[in-house]
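What follows is a short report on a single structure.
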Amino acid sequence: MAVHQLAQVNVARLRAPMDDPAMREFVAGVGPIHRLAHTSPGFVWQLHVDGGHGVCVQPAEGGPVFVNLTVWRDYDALHEFTYRSPHAGFLKRKTRWFAATPQPSTALWWVPAGTTPTVDEALRRLRHLRTYGPTPRAFSLRRRFHPDGRRVRRRY
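Heads up: the sequence shown begins at 1 in full-length UniProt numbering, then just goes up one per residue.
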């Protein structure tokens, strides 16, 4: 049984409120993409907000941000879902629904197996990554760390 699991948060600044017609395609895809994630190998948990569209929208300076918070078995499972499933098509169209946001917009970190991260914790991890760069506390998709804090070496 796994001792650690990989948490990830990504944020995006909404171009319009979720009930705006400009967001219709995105909103229609939320349920199917959530169901796809939940049935993907290595999926552990996803933040789900009751009511509305089932997504977490947080107030922020400059306008509301969409917060996606998930936990996965490991990086490979997250990568497979994100870039090799129908989810990738939504990524390619993200500029339709989301404006530019400070980078990085995604942070990863290891949690003890069975731990459910909070939105506040996730946003603190993202701020840490933006301030200090990739560290074992919060790292990026390109510069990752093992649960024991060792840096993951790139495969060439």
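All C-beta atoms, glycine included, are put in the ideal place defined by N, C-alpha and C.
inquiry  = Assess contact between the stretch 34-43 and the stretch 62-75, defined as three or more Cβ pairs (one per stretch) separated by less than 8 Å. Is contact present?
reply    = yes
inquiry  = If you reduce the DSSP assignment to three classes, tell me which class Pro112 lands in.
reply    = Counting from 1 along the sequence shown, the entry for residue 112 is found at position 112. Residue state, collapsed to three classes: strand.
task = Grab the span of the beta strand (DSSP E) containing His128 for me, first residue to last.
result = On the sequence shown, position 128 is the one that residue 128 refers to. Counting along the chain, His128 falls outside any beta strand (DSSP E), though it belongs to the alpha helix (DSSP H) covering Val119 to Tyr132.
query = From which residue to which residue does the beta strand (DSSP E) around residue 163 run?
reply = Past the edges of the chain, shown from 1 to 156, lies residue 163, and the structure says nothing about it.
task = Give the DSSP-derived three-state secondary structure of Ser70 in the structure shown.
result = On the sequence shown, residue 70 is found 70 positions in, with the first residue counted as 1. Here residue 70 is Thr; the residue named in the question, Ser, does not match the sequence. Residue state, collapsed to three classes: strand.
request  = Identify, in the order they occur along the chain, each residue of the same chain with its Cβ nearer than 8 Å to the Cβ of Thr82, setting aside the five sequence neighbours on each side.
outcome  = Stepping through the sequence shown from its first residue, residue 82 is reached at position 82. Ala88 and Leu91, listed in sequence order.
Inter-residue spacing [alpha-carbon to alpha-carbon] between Arg151 and Arg142 = Numbered from its first residue, the sequence shown carries residue 151 at position 151. Numbered from its first residue, the sequence shown carries residue 142 at position 142. Distance between the alpha carbons of Arg151 and Arg142: 11 Å.
message = In the DSSP output, what is Ala138 paired with across the bridge?
response = For the purposes of this step, residue 138 is identified with residue 138 of the sequence shown, where counting begins at 1. Beta-bridge pairing links Ala138 to Thr135.
ask   = What do you get for Gln8, buried or exposed, if any count of 16 or more other CB atoms within 10 angstroms of its CB means buried?
value = Counted from its first residue, the sequence shown places residue 8 at position 8. Looking at its Cβ environment, which holds 16 or more other Cβ atoms inside 10 Å, Gln8 is buried.
ask   = Using CA coordinates, which residue listed in Thr101, Pro136, Ala113 and Met18 is at the minimum distance from Ala60?
value = Taking the first residue of the sequence shown as 1, we reach residue 60 at position 60. It is Thr101.
inquiry  = Measuring only the C-alpha atoms, how far is His146 from Ser85?
reply    = By 1-based counting over the sequence shown, the position of residue 146 is 146. By 1-based counting over the sequence shown, the position of residue 85 is 85. Distance between the alpha carbons of His146 and Ser85: 25 Å.
request  = State the Cα-Cα distance for the pair Leu47 and Val57, rounded to the nearest angstrom.
outcome  = On the sequence shown, residue 47 is found 47 positions in, with the first residue counted as 1. On the sequence shown, residue 57 is found 57 positions in, with the first residue counted as 1. So the alpha carbons of these two residues sit roughly 11 Å apart.
inquiry  = Please state the DSSP three-state secondary structure of residue 230.
reply    = Outside the modelled stretch of the chain, which goes from 1 to 156, sits residue 230, for which no answer is possible.
inquiry  = If you follow the beta strand (DSSP E) that Val27 is in, where does it begin and where does it stop?
reply    = Residue mapping note: residue 27 aligns to position 27 of the sequence shown, counting from 1. Element bounds for Val27: not the beta strand (DSSP E) but the alpha helix (DSSP H), Arg24 to His38.
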